[in-house]
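I have placed the structure first, in the form of structure tokens, so that the comments after it can refer back to it.
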Ligand SMILES: Nc1ncnc2c1ncn2[C@@H]1O[C@H](COP(=O)(O)OP(=O)(O)OP(=O)(O)O)[C@@H](O)[C@H]1O
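Residue numbers (the UniProt record's numbering): 1 to 409.
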């Protein structure tokens, strides 16, 4: 999660803690105001980032605060002097600032019987059998080979690996270059389960103790592997946030980190029968410390696409579009040096939107058989004027420097 949502989340959490404190002191009016602010921050978060994995949790919290406001208003109408009790059925605010309990509605209120809310850990964990083929992952030949060598071959012929093989793989590099796709393709090739979690959500204040989440996650992956007898690939995105400054609790980071290292040791020390792999992904490899890196014996740089890959990406993402026959894909590849694969996908989408908008603006969109005109090289040039690469040259230099020192294929 980038900075802005983190700030919103922090502010929601701050208002909620304040509301609960005021509530427990019987300051009804002020508590209501703070609950209201917490709700506003949560709702904003969900609106701005509609796909974020924690949204369900946020909405549940917002509903709980809303119910508490109703309960407070109701009891206010009934009896001015008696504060609504909130002692019963308390819910610890997840991990957060630990300043108080989440509202329960309390036995004294008529309508505010808010259920005990537990953020649902399972909501964060997407378990899937992906159908991504290696061909869909454009370029990245070194990364594909390294993943095949460490996951696919040992899977197929474990007898050829008497000394064991690595179970931890780190994919690092700029955002939007295919880390997730690569991991999904590996899971597809071995016909395994792909568990996709993002470490930043696991560290969220709203989800209970982060180290317990880590332990639940590994237990779940182990059980799945043992019970179904199929390989399990645990993909942990933004793995650097396990070390992060987000956990405000003193000592929290250390416990999370230690829990993770212990779990990784468990996996690396496993017998040949175990088919559990951990692929960690990060855009900030430099924030990982030595203990972490040691557990990922393979460290693979997932780079920006080169010229040939950009050509293939443009081919892939313009295929479903109606393009002019003279579309110069080679030129597009040349002028997009420095753009990520996901930038290129976005650019193709923007070009299509441009011609669709044109059609609507012409007033003809709803006429029978009305279609946008084909997209051409000029459309791409126009979009590129206003769409800069999402990764800076300085960032790329930083990845290369880090690679020189820590890459391990
Ligand atoms: N190498 C690639 N080949 C084809 N499409 C790609 C490639 N890399 C990225 N894309 C497109 O961009 C989208 C985002 O890429 P993906 O999520 O795999 O990147 P990532 O490196 O994991 O990024 P992040 O660091 O932001 O998680 C993909 O769903 C895919 O559509």
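We put the beta carbon where it would ideally sit given N, CA and C, even for glycine.
- Item | Integer Cβ distance of residue 238 from residue 198, believed to fall under 8 angstroms | 5 angstroms
- Taking the alpha carbon of residue 150 as the point to measure from, which residue in 217, 50, 326 and 278 has its own alpha carbon closest? 278
- Would you say residue 276 and residue 267 are within 8 angstroms of each other, going by their C-beta atoms? yes
- Query: Can you find a heavy atom of ligand 1 that lies under 7 angstroms from the Cβ of residue 341?
  - Reply: yes
- Task: Run the CB neighbour count on residue 343, radius 10 Å, all protein chains shown included, and call it buried at 16 or more, exposed below.
- Result: buried
- Under 8 angstroms Cβ to Cβ from residue 258, same chain only, skipping five residues before and after it: list those, please. 211
- Message: Please report the distance separating the alpha-carbon of residue 408 from that of residue 289.
- Response: 15 angstroms
- Query: What's the C-alpha gap between residue 294 and residue 225?
  - Reply: 24 angstroms
- Shortest alpha-carbon distance to residue 16 belongs to which of 26, 7 and 38? 38
- Item | Contact set for residue 395: own chain, Cβ-Cβ below 8 angstroms, skip 5 residues either direction | 174
- According to DSSP, what are the bridge partners of residue 299? 170 and 408
- Determine the direct distance from the alpha carbon of residue 60 to that of residue 54, and round the result to whole angstroms. 10 angstroms
- What are the boundary residues of the alpha helix (DSSP H) that includes residue 31? 28 to 48
- Cβ shell of residue 387 (< 8 angstroms), same chain only, five flanking positions each side left out: 343, 346, 347 and 350
- With hydrogens ignored, establish whether the beta-carbon of residue 179 is closer than 7 angstroms to any heavy atom of ligand 1. yes
- Item | Cβ-based neighbour list, residue 330, same chain, cut-off 7 angstroms, excluding 5 preceding and 5 following | 311
- Query: Buried or exposed: where does residue 240 fall if 16 or more other Cβ atoms within 10 Å of its Cβ makes it buried?
  - Reply: buried
- 6 angstroms CB neighbourhood of residue 318 in its chain, flanking five on each side removed: 348
- Item | Cutoff 7 angstroms; reference residue 130; Cβ partners in own chain excluding five residues on either side | 184, 187, 188 and 194
- Item | residue 193 (DSSP reduced to helix, strand or coil) | strand
- Task: Rounded to whole angstroms, what's the CA-CA distance from residue 315 to residue 309? Just pull it up for me.
- Result: 10 angstroms
- Query: CB-CB under 6 angstroms to residue 355, same chain, minus the five flanking residues each way: which ones, in chain order?
  - Reply: 372, 373 and 375
- Using a threshold of 7 angstroms, is the CB atom of residue 175 nearer than that to any non-hydrogen atom of ligand 1? yes
- Could you tell me if residue 405 is buried or exposed, where buried requires 16 or more neighbouring beta carbons within 10 angstroms of its beta carbon? exposed
- Whole-number beta carbon distance between residue 384 and residue 335, since they are thought to touch under 8 angstroms: 6 angstroms
- Message: So for residue 79, helix, strand or coil by DSSP?
- Response: Confidence is the limiting factor: at residue 79 the pLDDT is only 48, short of 50, which leaves the residue's position unreliable, though a coordinate-based value still follows. In this structure, residue 79 counts as coil in the three-state DSSP scheme.
- Query: CB of residue 280 to nearest heavy atom of ligand 1: below 7 angstroms?
  - Reply: no
- Task: Return the CA-CA distance between residue 229 and residue 191, expressed in angstroms with no decimal places.
- Result: 11 angstroms
- Item | Where residue 47 falls, given that 16 or more other Cβ within 10 Å makes a residue buried | exposed
- Member of 209, 23 and 138 whose CA lies at the smallest distance from the CA of residue 182: 138
- Message: Between 265, 302 and 297, which has its C-alpha nearest residue 284's C-alpha?
- Response: 302
- Distance, residue 337 Cα to residue 389 Cα: 9 angstroms
- Task: Tell me, to the nearest whole angstrom, how far the beta carbon of residue 332 is from that of residue 380; I am working on the premise that it is less than 8 angstroms.
- Result: 5 angstroms
- Item | Candidates 171, 52 and 9, of which the one nearest residue 403 by Cα | 171
- Leaving out five residues before and five after residue 69 in sequence, what residues of the same chain have Cβ atoms less than 6 angstroms from its Cβ? 32 and 35
- So, using beta-carbon positions, are residue 327 and residue 378 closer together than 8 angstroms? no
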